[in-house]
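Below: the structure, in structure tokens.
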Amino acid sequence: MAIDITQFHETFFEESFEGLDIMESGLLNLDTGAADNDTVNSIFRAAHSIKGGSATFGFTEVAEFTHGMETLLDEMRDGSRDVTQTSVDALLQSVDCLREMLAASRDKTPIDTERAAVLKGELEAILASGTNGSTSESTHQEPATPSSESSASHEGWMIKFKPHHDMLRTGNDPVRMFRELGELGELSVVVDISQLPVLDDLDPEESYLSWELTLKSNVEIEKVKEIFEWVEDECDFVISEIKGEATEDSAKENITASIAEGEAASSTPTKPVNAKPATGAKTSASTDSASIRVSIDKVDALINMVGELVITQSMIGQLDCDFDDFDNSRMEKLRDGLTLLERNTRELQESVMRIRMLPISFAFNRFPRMVHDLCQKLDKKIELKTTGEQTELDKTVMEKIGDPLVHLVRNSIDHGIEMPEERLAANKPESGTIELNAFHKGGNIIIEIKDDGAGFNKDRIKEKAIERGLIASDEHLSDDKIYDLIFQPGFSTAEQLSDISGRGVGMDVVKRNIRELGGSIDVTSEEGNGTTFTIRLPLTLAILDGQLVCVGDEIYITPLVSIVESLQIKEEFVNNIAGQTELYKVREDYIPIVRMHDMFGIDVERKGLEGGLLVVVEGDGKKAGLLVDELLGQQQVVIKSLETNYKRVDGVSGATILGDGTVALILDVDGLIDLSRNPPTAGNKPDNLAREVA
Amino acid sequence: MSTAQQIDTNSSVDVMTDTDQYLTFILAGEEYGVDILRVQEIKGWDSVTPIPNTPDYIKGVINLRGTIVPIIDLRHRFSLDEIPYGATTVVIVLKVNNENVKRTMGIVVDAVSDVYNVAAEEMKPPPDFGTISIDYVKGLATVEDKMVIVLEIDKLLNSGVMDSAESLLQ
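Chains as they are written, first to last, in the numbering used here: chain A, 1292 to 1985; chain B, 14 to 183.
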């Protein structure tokens, strides 16, 4: 039975990338001077798993590269090497390189071996630079073993390896281990098949063989042991040194088996080891991992909930639906049951939603590294503080918010925080602070990026804006309006362009990305004291709190977040501009009226405004009043895409299914406001054009 | 086309390997055919939710077990006269391919007719029509002395529905 090993690749990559993240954050902790053993150990473990995994799956380049890192880490772990800035930096770079190598392996693109070789050389140079305190070294090695300096004198290692019967069940494969041994030096393998039962009694999942391995190499015993580290508890394992000519030819009546034959003899499901990734060349296009890791708690909660639901269902089912004698007591029970059902459904919905939720630390984790790197580059001193990393956010939102966040943090580092001297001159602490805060607020998640840097120079922004013709030179702008200018395309006040930021490409993109997610971004700044960006995002993209409104016979859903207020139209507050645009006076504001039935071409009985309702909505900083006939209830709706089977429709952001099974369209408030300003010319007679096409 | 067998249970026609099966339907007295493997289901006409600012022949969208499916009136699409929807009016739900994107769409037709086996060589190329472009017609087949117009649904439902609506926005 051949197992397609490629099916595990995805898991391997996922775990490896997670391991790399662990290594990175661990290394950054080391960097700040907290070189405790736990951290080093966790880094080491991560490296070790990646190495083991990549060797198993045949990504030899990755395995070899990781090996170098592992050796260095191992020395740090057992205390024979101090944690120095150079080695940490080299390791950090190696993590990057490793990440690229893994990504390349995953996407089946060639690996950048040059860079790997350079880094490997660096690591080796560090390794060669010698350890400190040979005393600690010897204490860690077995007395019988010569230290690495004297290891040249011996011929090799004699290993007796007898796996327990059930070793293969844990997925350990002797062939792979032998192959790894073979890479250390000249290896001869002698297999002992005396325990092998007759074919009828043979259980293919049991291991019956034992081996004697002779490795002619001057590698350290640690390296040999390392290979067997995974199986230590599942085998009898003796390693002894071969001195001089002592290589005794194992004279038993054994069959000398080459590694390949050993594989066949072990009669285990190990063949797929040879299934190199190339054979599994599937559609490599879908590199975006569509899987999600869910904590077992959430799944358990979900299962509980489903259990409750089943109980409720059977409770209602027991109410024999014989309507002739449906008395009050049963009515009561039915009502109770329905209440329970409602509660179960809501809870179930919440738990299902929670499955898609990830703590925002996934997005925050990359920043310590980024701040570290950029600080070195710019010679700045910055401390990064994060709070609320456990705040949960929908996975889709998380993926899309990453880049805008990076951009904002980079801006804060580059433009916001001043150089240490400037800070001291301004009576501020030498090292700047960037705070990343995440918290929930009223059904939204708020992410704050706060720096205590120089803040915006309002006059400079204004100057620039005038220079670029964005505003008139005599225009008076409120602070908010001025700060809004930085979100204009191509706007940058940086005097010097750097490769970090300053090209002014970005802030508009940041704003657009956030708006696409249904969120908003605000900025406040105080000159000399820093800047705060506040991003407000919906918790999830799958569900929306909506207000049901009626236009003619049609029901539409207005997102509750965009509704400012709803009011009854009073004729005396309606004003006209040039007989076309209607404005409605709401307290001090004049708000354009959008006649929904005209926009969507719906027949309504009531032609005038009198008696209609105005739903005042705000989108993209602009307000408008949607004229509707009736307000129905508010409810949570599940967003369904129109684009799955159709295409984007202006003024509509999606659809949902109402309680009675019919489809209702969800209004796109921003789109509607735009649409009302420039209605599509062909909008009223769409089929003429369509006929031409036909 | 071997999977056609499962649909073929009550058809008396033999299943042959080199023939394709077509579901035919009636539209203004003519019989049209679509590849039966593209047919997902046939359902009765039910009310739809209209989509604003779309061509007339897009009746709207329906909820097909949780999926939003657009419904196209084929009479409108072919610029035929409207008739009131009656008892035989059905929606044929089709799987449509558009540049590797699979979509589900429904077409409203007067009535469903039959399932025929048509061998590839029996299919004749379409002559030039006046009203609908020959791009949308895969060929003409003669079955029991009747002409069946076999439609190219991918082209019909994509070019008309997706493009024209986009050209509206320009």
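Backbone N, C-alpha and C define an ideal beta-carbon position, used for all residues, glycine too.
Taking a contact to mean a Cβ-Cβ separation below 9 Å, would you say VAL74(B) touches PRO68(B) in this structure?
no
Below 9 Å between beta carbons: does that hold for LEU1768(A) and THR1724(A)?
no
By how many angstroms is the C-alpha of SER1479(A) removed from the C-alpha of LYS1543(A)?
Note on LYS1543(A): pLDDT 39, under 50, position unreliable in the model; no value is reported.
Any chain A beta carbon closer than 9 Å to ASN66(B)
yes
Name the chain A residues that come within less than 8 Å of GLY79(B), Cβ to Cβ?
LYS1931 and ILE1948
Check whether the Cβ of GLU1497(A) lies closer than 8 Å to any heavy atom of the ligand NAP, and answer yes or no.
Ligands in the displayed structure: none, and consequently the ligand NAP is not present.
In terms of residues, what are the limits of the beta strand (DSSP E) holding ALA154(B)?
That run of the beta strand (DSSP E) goes 150-156.
Is the distance from the Cβ of ALA100(B) to the Cβ of ASP31(B) below 9 Å?
Cβ atoms of ALA100(B) and ASP31(B): not closer than 9 Å.
Indicate whether THR102(B) and VAL128(B) have their beta-carbon atoms separated by less than 9 Å.
no
According to a CB-to-CB cut-off of less than 8 Å, which residues of the stretch 1868-1896 of chain A neighbour chain B?
MET1890, PHE1891, GLY1892 and ILE1893
Can you pull the chain B neighbours of VAL1940(A), defined as C-beta to C-beta under 9 Å?
ILE64, PRO65, ASN66, THR67 and ALA178
Taking Cβ to Cβ, would you say ILE1860(A) is nearer than 9 Å to LEU1918(A)?
yes
Span separating the alpha-carbon of THR1953(A) from that of VAL104(B):
16 Å
On a CA-only basis, which of GLU1513(A), VAL1601(A), PHE1469(A) and MET1622(A) is nearest TRP1502(A)? Give me that one, please.
Checked all of GLU1513(A), VAL1601(A), PHE1469(A) and MET1622(A); the closest Cα to TRP1502(A) is PHE1469(A).
Minimum length 4: unbroken alpha helix (DSSP H) runs contained in the stretch 1946-1972 of chain A
1960-1968
Is TYR1499(A) close to chain B? Criterion is C-beta to C-beta, closer than 9 Å.
Output row for TYR1499(A): interface = no.
Based on the DSSP output, what are the partners of PRO83(B) in its beta bridges?
Per DSSP, the beta bridge partners of PRO83(B) are VAL74(B).
Check the C-beta distance from MET1710(A) over to LYS1741(A) and give it rounded, since I have them as a contact under 8 Å.
Actually they are not in contact, since the Cβ atoms of MET1710(A) and LYS1741(A) sit about 20 Å apart, beyond 8 Å.
Could you give the residue range of the beta strand (DSSP E) that holds SER1501(A)?
1501-1507
Evaluate the contact criterion for the stretch 1654-1666 of chain A versus the stretch 1305-1317 of chain A: three or more CB pairs, one atom per stretch, below 8 Å.
yes
Within the same chain, show all residues whose beta-carbon is closer than 7 Å to that of ASN1820(A), passing over the 5 residues directly before and after it, in chain order.
ASP1743 and GLY1746
Assign GLN1681(A) to buried or exposed, taking buried as 16 or more other Cβ atoms, counted over all protein chains shown, within 10 Å of its Cβ.
GLN1681(A) counts as exposed, since fewer than 16 other C-beta atoms from the protein chains shown sit within 10 angstroms of its C-beta.
Integer Cβ distance of ASP1920(A) from GLY1843(A), believed to fall under 8 Å:
7 Å
What are the partner residues of LYS108(B), as DSSP defines its beta bridges?
THR117(B)
List the residues that DSSP assigns as beta-bridge partners of GLU1726(A).
LYS1676(A) and LYS1741(A)
Where MET1648(A) falls, given that 16 or more other Cβ within 10 Å makes a residue buried:
With 16 or more other Cβ atoms within 10 Å, it is buried.
Would you grab the beta carbon distance between PHE1452(A) and CYS1526(A) for me? Rounded to a whole angstrom, and I think it's under 8 Å.
6 Å
Whole beta strand (DSSP E) runs in the stretch 1877-1939 of chain A with 3 or more residues, listed along the chain?
1880-1886, 1904-1910, 1913-1919 and 1921-1929
N-terminal and C-terminal residue of the beta strand (DSSP E) that ASN1866(A) is part of:
1865-1868
CB-CB length for ILE1834(A) against VAL1929(A), believed under 8 Å:
Between VAL1929(A) and ILE1834(A) the Cβ distance is about 6 Å, and since that is below 8 Å, they are a contact.
Between ILE1805(A) and THR1687(A), what straight-line distance do the alpha-carbon atoms span, to the nearest angstrom?
12 Å
So, does the CB of VAL121(B) fall closer than 9 Å to a CB anywhere in chain A?
no
CB-CB under 7 Å to THR62(B), same chain, minus the five flanking residues each way: which ones, in chain order?
GLY73 and VAL74
Closest by C-alpha distance to ILE8(B), when choosing among ASN113(B), ILE96(B), ASN76(B) and LEU77(B)
Missing from the structure shown is residue 8(B); chain B here goes from 14 to 183 and no further.
Using the Cβ count rule (16 or more neighbours within 10 Å means buried), how would you classify SER1385(A)?
buried
Closest Cα partner of THR1825(A) within the set LEU1696(A), GLN1640(A), ASP1799(A) and VAL1908(A):
LEU1696(A)
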